[in-house]
Amino acid sequence: MTFIIEYLIPFIFGTIVGSFLNVCIFRLPKKQSIVSPFSYCPNCHKPIKFYHNIPILSFLFLGGKCSNCREPISYRYPVVELLAGLLSLALFLKFGLSLSYFVYLTFSASLLVITFIDIDHQIIPDVITLPGIILGFTVSLFLPGMTFMDSIIGIAAGGGGLFLVAMGYHLLTKREGMGVGDIKLISMIGAFLGIKGVILTIFLGSLFGSSVGLAVMIKEKRDRRYAVPFGPFLTIGALIFLFWGEIIVRRYLYLG
Ligand SMILES: [Zn+2]
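Going letter by letter, the sequence shown gives residues 1 to 256 in the working numbering.
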């Protein structure tokens with residue numbers, strides 16, 4: 001029974017959230033409504049029956065194909081559902097059934113949506129980051145371990161810090177390194193995680209981003225301007241801070 005409550009329910013809840021995130025990832029860049037119509041097959045446009053819309057399981061049961069037109073369904077759908085399920089489980093184990101759990105689940109779910117939209121379209125939608133900044137600031141008034149000052153400084157330092165990094169990069173290379181979307185994203189991360197979260201996220205994001213960017217350049221002999229989107233690496237940095245930030249800050253950055 002304990003197993004069901006502690007592991008299974010948070011995981012299943014996360015996969016259901018993930019199912020909705022797939023809708024957001026697919027529809028937000030097209031400026032379509034995320035609430036109606038219900039899920040439909042992108043190929044034959046036939047509505048998906050509710051019993052064919054069970055996170056992860058339906059994909060496996062249907063062999064990764066649409067039940068109507070048999071067109072293959074992207075493996076991305078179950079992957080997003082699985083990631084959201086695991087995030088929900090990890091957050092539940094860390095925070096228990098609390099306000100922190102729901103706030104950080106909303107936060108990491110937004111980061112997942114941003115990551116996949118950034119990978120697909122190289123944009124980071126304002127409709128997530130701008131309300132995200134406001135939400136992060138608002139909940140900082142209620143969350144244990146956060147203060148509204150920390151949130152405000154996080155928003156300003158994140159946006160300002162990344163703006164300086166972007167300017168420096170532009171001056172050195174005469175190229176566009178990151179977009180305005182990345183700057184709003186790091187402000188949103190700052191709103192939720194505060195100044196320490198921003199510092200570690202920019203540090204880790206740049207580290208991962210430049211490593212992968214360099215690897216892609218060497219492998220494909222491509223120019224740096226086609227390098228990888230930055231959003232996914234900021235997401236990874238922010239999630240690492242969310243789970244292990246306090247330990248890392250205390251041990252390595254001497255900020256705490
Ligand atoms: Zn279909």
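From the three backbone atoms N, C-alpha and C, an ideal C-beta is built for every residue, glycine too.
Any alpha helix (DSSP H) of 4 or more consecutive residues that is wholly inside the region 48 to 107 = 57 to 61 and 76 to 95
query = By how many angstroms is the C-alpha of N68 removed from the C-alpha of G245?
reply = For the purposes of this step, residue 245 is taken as the residue at position 245 of the sequence shown. For the purposes of this step, residue 68 is taken as the residue at position 68 of the sequence shown. Using only the alpha carbons, I get a separation of about 46 Å.
request  = For F102, count neighbouring C-beta atoms within 10 Å of its own C-beta (all shown protein chains included) and say buried if the count is 16 or more, exposed if not.
outcome  = Here the question's residue 102 lines up with position 102 in the sequence shown. Exposed is the call here.
query = In the DSSP assignment, what residue or residues form a beta bridge with Y40?
reply = As a first step, residue 40 must be located in the sequence shown, where it is residue number 40. Paired residues: P47.
task = Just jot down, in chain order, the residues whose CB lies closer than 6 Å to any heavy atom of ligand 1.
result = C41, N43, C44, K46, C66, N68, C69 and E71
request  = Give the DSSP-derived three-state secondary structure of F26 in the structure shown.
outcome  = In the sequence shown, residue 26 corresponds to position 26, counting from 1. Here F26 sits in helix by DSSP.
ask   = From which residue to which residue does the alpha helix (DSSP H) around Y169 run?
value = For the purposes of this step, residue 169 is identified with residue 169 of the sequence shown, where counting begins at 1. Element bounds for Y169: F148 to T173.
Nonlocal neighbours in the same chain, by C-beta distance under 6 Å from L116, ignoring five residues either side = Your numbering for residue 116 matches position 116 in the sequence shown. First, the amino acid is wrong: residue 116 is Phe here, not Leu. So the list reads I25, once near-sequence residues are dropped.
query = Exposed or buried, which one is F215 when buried takes at least 16 other CB atoms within 10 Å?
reply = Taking the first residue of the sequence shown as 1, we reach residue 215 at position 215. Per the sequence shown, the amino acid found at residue 215 is Ala instead of Phe. The residue in question, A215, is exposed, as its Cβ has fewer than 16 Cβ neighbours within 10 Å.
task = Tell me where the alpha helix (DSSP H) around P232 begins and ends.
result = For the purposes of this step, residue 232 is identified with residue 232 of the sequence shown, where counting begins at 1. Segment G231 to I248, the alpha helix (DSSP H) holding P232.
key: Residue from Y77, H45, K46 and C44 whose Cα sits closest to the Cα of S58   = In the sequence shown, residue 58 corresponds to position 58, counting from 1. Answer by Cα proximity: Y77.
task = Give me the Cα-Cα distance between I12 and G85, rounded to the nearest whole angstrom.
result = Taking the first residue of the sequence shown as 1, we reach residue 12 at position 12. Taking the first residue of the sequence shown as 1, we reach residue 85 at position 85. So the alpha carbons of these two residues sit roughly 6 Å apart.
task = Please classify V17: is it buried, with 16 or more other beta-carbons within 10 angstroms of its beta-carbon, or exposed?
result = Within the sequence shown, residue 17 is the residue found at index 17, counting from 1. By the 10 Å Cβ count, V17 comes out buried.
message = Suppose the cutoff is 7 Å on Cβ atoms and the five residues either side in sequence are ignored; what does the same chain contact list for I195 look like?
response = Your numbering for residue 195 matches position 195 in the sequence shown. Contacts found: D150, I153, G154 and A157.
query = If you draw a straight line from the alpha carbon of L162 to that of A238, how long is it in whole angstroms?
reply = Here residue 162 refers to the residue found at position 162 of the sequence shown. Here residue 238 refers to the residue found at position 238 of the sequence shown. Their backbone Cα atoms lie some 14 Å apart in a straight line.
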